[in-house]
Each structure stands twice: as C-alpha cells, then as structure tokens.
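Participant: This note's numbering puts the last residue of the sequence shown at 278; the count rises by one with no breaks. Glycine residues also receive a C-beta, built at the ideal position from the N, C-alpha and C atoms. Here the structure is a predicted model, which is why all the values come from computation and not from measurement. Have a look at the structure that comes next, please.
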Amino acid sequence: MHKKNIWVCILISILILVAAQTVSLLIASAACAAGLPVPAGNILAALLYAALALWGIRVLGRKGLKMRPSSLGLSPVRIRPVWGVAAVLLPLAVCGICLLLPGHFEAVTARQADVVLILSGAAYYGIAAAVVEEAVFRGAILKSLESRWNRKAAVLASSVLFGAVHMLGASLSLVSAVQLLLAGTAVGILFALIAYESGSIWSGALVHGIWNLFMVSRILSIGPEADASSIFSYVLEVKNPLLTGGDFGIEASVIAMMAYAGLAAVAYSMIRRERLKI
1 MHKKNIWVCI
11 LISILILVAA
21 QTVSLLIASA
31 ACAAGLPVPA
41 GNILAALLYA
51 ALALWGIRVL
61 GRKGLKMRPS
71 SLGLSPVRIR
81 PVWGVAAVLL
91 PLAVCGICLL
101 LPGHFEAVTA
111 RQADVVLILS
121 GAAYYGIAAA
131 VVEEAVFRGA
141 ILKSLESRWN
151 RKAAVLASSV
161 LFGAVHMLGA
171 SLSLVSAVQL
181 LLAGTAVGIL
191 FALIAYESGS
201 IWSGALVHGI
211 WNLFMVSRIL
221 SIGPEADASS
231 IFSYVLEVKN
241 PLLTGGDFGI
251 EASVIAMMAY
261 AGLAAVAYSM
271 IRRERLKI
C-alpha cells in the first residue's frame, strides 16, 4: 500500500470512531427525549456505537485496505480463555496495589437510581468503547501500518498513536502528558500483542473492556480526591504523580504501567513459544 494511502486510512479510521460515537449519542439522546428511560438510552447508545463503528471499519477494510474482516481481526469472534483470566487479574492487581497505598474510602451517597445510571453508562464507556478502540487501533490502523512496514514497527507506531489520541482534549501538565503518552503506548503494545497472539481483536477487547469497567466507568474511583459521581471512591493520601497518575488518573501511574508491561511480556513469550513472527 502506498505510504500516503496508509495515513489516509488511519485518519478515516479515527473519523469512523468519532462519527460512530457522535451519531450513537445523538440517536440515544433523541430517544430519551421521546420518553425512553436514560439507562435504556445508554444501552442503546452502546449498541449503536459498536455496531456503527464495526460496520465502518469493515467497509474501510474492504474498500480502502482491500482486506477481509478476518485479516483485520474482526472475525471470527473468539476469545482465548487465558485472556479471559487476564482480563480480570489485570485491574484487580492494579486496584489491589493502589488500595494498599495510604488512603481511605469516602462515604458513598449515590442513590439506587444513580447506581443504575452508572452501570448502564458502563456499557457505553466500558464495553462499547473497548470494542470500537480495538477495531480501530488493533484492527484497521495496526494492519494498515503492518502492510507498509513490519509488525514491530506497526505495533509501536499504532501504540504511540493510541496514547497520543487519549491526550486530545485533556487538560494536562507536561509531566502528566508524558506519563499519559508512555502509559497509552504501553497498554497499546499490550493490546497489539494480545491481538497477534489470539488471532483477532476480541481477546484484547475483553481485557480492554473489563479494564474500562474498573477504571473508567465510575464504578470505582481511585485518586487524590474523592469522586462524588462514582459508586465507590478511594482517596489516596499520597500525592506523588508517579503513583497517582497525575492529572489523567491511576491508569497513567507507574503501578498501571508496570502491570501493562508485565502482561505484555507474558503475551510476547506466548507468541515466541508458538513461533509466531513478531
């Protein structure tokens, strides 16, 4: 594939993500305005987001990249059991270590209705977001870069891009921006290695989705300040940004980065053992 076409496909991939997100939220908002309960609207938005983005990536793969869904890792839908276990252990390990740091749980005042709203929103920001990001970054973008360069370069470049995209719109200090870029690159490498080891995006999507449920979806908040909008909130008394993750949060902490690197090493060793080229 021509180098210029690769960057066009990468841009289109990201635009597909943005367009799917925007359209799904608009449709869900209109449905809620027409009387649909907000939790049901959140579920509708999640389903639409994933469906629209996957459809868009399939079309891009067929028309732009000249690749079948299987070549992009979109089919068949399969999850290796080892990554199902890892999906649970990764956030439990990071949260467990963070909960050993000095701190305290803040009193929870969320009403039952708030809890239902948060849980339904988790379907969007946890599961749907994970599926879409894996299809975009470990599907279209990773494979388009691989078609131009080699796998190692594709893994690194797509992972740096993954980290950089998470910086957009965030209010970060210089130190926090560097931490986020490093953390985003590290977890991107992890998901890319899982995709290569498992042969599709779906094992990585599971690991990504369970991680989001713990860290992004307001079920549990861990940080230097209490989050009144979360169901559970653990307030860290340490202020070192390396441990707290700085302005972005615990996902960019050294604790999380060590967990990403450790699991990535496991994935890489599995690839080497299976004699896959990476």
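Relative to the C-alpha of A45, which residue among R138, A259, Y125 is closest?
Facilitator: Cα-wise, what sits closest to A45 is Y125.
Participant: So the candidates are V266, E274, I14; which of them puts its Cα closest to the Cα of A331?
Facilitator: Residue 331 falls outside the range modelled here, since the chain spans only 1 to 278, and no answer is possible.
Participant: Within the continuous alpha helix (DSSP H) that includes Y234, where are the two ends?
Facilitator: Taken as a continuous stretch (DSSP letters only), Y234 belongs to no alpha helix (DSSP H), being part of the beta strand (DSSP E) at 232–236.
Participant: Does A33 pass the burial test, meaning 16 or more other C-beta atoms within 10 Å, or should it be called exposed?
Facilitator: When all chains shown are included, A33 counts as exposed.
Participant: Along the chain, where does the beta strand (DSSP E) containing F105 start, and where does it finish?
Facilitator: 103–105 is the span of the beta strand (DSSP E), which, as asked, contains F105.
Participant: Find out if the Cβ-Cβ distance for the pair P91, M257 is shorter than 8 Å.
Facilitator: No, the pair does not count as a contact, with Cβ atoms beyond the cut-off.
Participant: What residue range is occupied by the uninterrupted alpha helix (DSSP H) comprising L220?
Facilitator: No alpha helix (DSSP H) holds L220; the beta strand (DSSP E) holding it covers 220–223.
Participant: Report the rounded CA-to-CA distance for A267 versus L11, giving the unit in angstroms.
Facilitator: Going from the Cα of A267 to the Cα of L11 covers about 28 Å.
Participant: By Cβ distance below 7 Å, which residues in the same chain neighbour H166 in space, the five residues on each side in sequence not counted?
Facilitator: Cβ neighbours of H166 beyond the five flanking positions: L180, G184.
Participant: Where does the unbroken alpha helix (DSSP H) through E133 begin, and where does it stop?
Facilitator: Taken as a continuous stretch (DSSP letters only), the alpha helix (DSSP H) holding E133 covers 129–133.
Participant: Label N150 either buried or exposed according to how many other C-beta atoms from any shown protein chain fall within 10 Å of its C-beta, with 16 as the threshold for buried.
Facilitator: Classification of N150: exposed, given that the 10 Å Cβ count is below 16.
Participant: Which class does I201 belong to by DSSP, given the choice of helix, strand or coil?
Facilitator: Looking at I201 - three-state DSSP - the assignment turns out to be coil, as it is neither helix nor strand.
Participant: From what residue to what residue does the alpha helix (DSSP H) around Y268 run?
Facilitator: Taken as a continuous stretch (DSSP letters only), the alpha helix (DSSP H) holding Y268 covers 254–273.
Participant: What do you get for H208, buried or exposed, if any count of 16 or more other CB atoms within 10 angstroms of its CB means buried?
Facilitator: With 16 or more other Cβ atoms within 10 Å, it is buried.
Participant: For V38, which of L190, A50, L25 has the nearest alpha-carbon?
Facilitator: Of L190, A50, L25, the residue nearest in Cα terms is L25.
Participant: Does the region 76–83 touch the region 187–207, meaning 3 or more C-beta pairs lie closer than 8 Å?
Facilitator: The region 187–207 is in contact with the region 76–83.
Participant: Put P39 into one of helix, strand or coil per three-state DSSP.
Facilitator: Of the three classes helix, strand and coil, the one that applies to P39 here is helix, per DSSP.
Participant: So is E251 buried or exposed if we call it buried at 16+ other beta carbons inside 10 Å?
Facilitator: Buried is the call here.
Participant: With A195 and A93 assumed to form a contact (beta carbons below 8 Å), what rounded beta-carbon distance in angstroms separates them?
Facilitator: Incorrect: roughly 21 Å between the Cβ atoms, too far for contact.
Participant: Figure out for me which residue from G121, G163, R272, D114 has the closest Cα to the Cα of R138.
Facilitator: Per the Cα distances, G163.
Participant: If you count every other CB in all the chains shown that lies within 10 Å of the CB of F105, and 16 or more means buried, which is it?
Facilitator: It counts as exposed.
Participant: Going by the beta-carbon positions, is the gap between I210 and A30 smaller than 8 Å?
Facilitator: Against a cut-off of 8 Å, the Cβ pair of A30 and I210 comes out as no contact.
Participant: For A226, does the three-state DSSP call read helix, strand or coil?
Facilitator: Coil, per DSSP.
Participant: Please go through the region 149–214 and give each complete alpha helix (DSSP H) segment of 4 or more residues, from N-terminal end onward.
Facilitator: 151–165, 174–198, all fully within the region 149–214.
Participant: In whole angstroms, give me the CA-to-CA distance for L74 and L193.
Facilitator: About 15 Å.
Participant: In angstroms, rounded to a whole number, what distance separates the CA positions of R273 and E133?
Facilitator: So the alpha carbons of these two residues sit roughly 28 Å apart.
Participant: Which complete alpha helix (DSSP H) runs does the region 76–102 hold, if anything under 4 residues is left out?
Facilitator: Those alpha helix (DSSP H) runs which fall completely within the region 76–102 and span 4+ residues are 81–100.
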